[in-house]
Amino acid sequence: MSQLASTIEKAAHAFAQSILAAVKEASLQELLALQGELPKRGRPAKVAKPLGRKPGRPPKASAKKTAKKIKWPTCKRKGCTKNAWARGKGFCGEHAKKK
Numbered sequence: 003m004s005q006l007a008s009t010i011e012k013a014a015h016a017f018a019q020s021i022l023a024a025v026k027e028a029s030l031q032e033l034l035a036l037q038g039e040l041p042k043r044g045r046p047a048k049v050a051k052p053l054g055r056k057p058g059r060p061p062k063a064s065a066k067k068t069a070k071k072i073k074w075p076t077c078k079r080k081g082c083t084k085n086a087w088a089r090g091k092g093f094c095g096e097h098a099k100k101k
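Be aware that the sequence shown starts at 3, since it is given in this note's numbering, and climbs by one per residue.
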């Protein structure tokens, strides 16, 4: 074994011995206090938003937002008022099958 490896092994052994000695000397309350300081695992908790509007801001004109209506294309066949079918190349389902 090289000198570097043996030096690292000795240092690690001495470190482990000092940690074990510290744990043996510590009281149960000290060990439990250390346990509470560990970061929690998993997703952080959601922060509750305060209710109402923020102070200093004027109220919004309208709280409700209306969604834009989608205008679906109608069938290409004359006189047909049905909506076009996605796979019908501009025709409704009935007329796409007849084509």
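Yeah, the Cβ is synthetic: ideal placement off N, Cα and C, and Gly gets one too. Quick caveat: nothing in here was measured; it's all calculated off a predicted structure.
Are P75 and G92 touching if we call contact CB-CB under 9 Å?
yes
Please report the straight-line C-alpha distance between T9 and A47, rounded to a whole angstrom.
45 Å
Any idea which residues DSSP pairs T76 with across the strands?
N85
Taking I72 as the reference, which of A14, K26, N85 has the closest Cα?
N85
Taking A24 as part of the alpha helix (DSSP H), name the residues at either end of that continuous run.
5 to 27
Note down, in chain order, each residue of its chain lying with its Cβ closer than 6 Å to the Cβ of A35, except the 5 sequence neighbours on either side.
none
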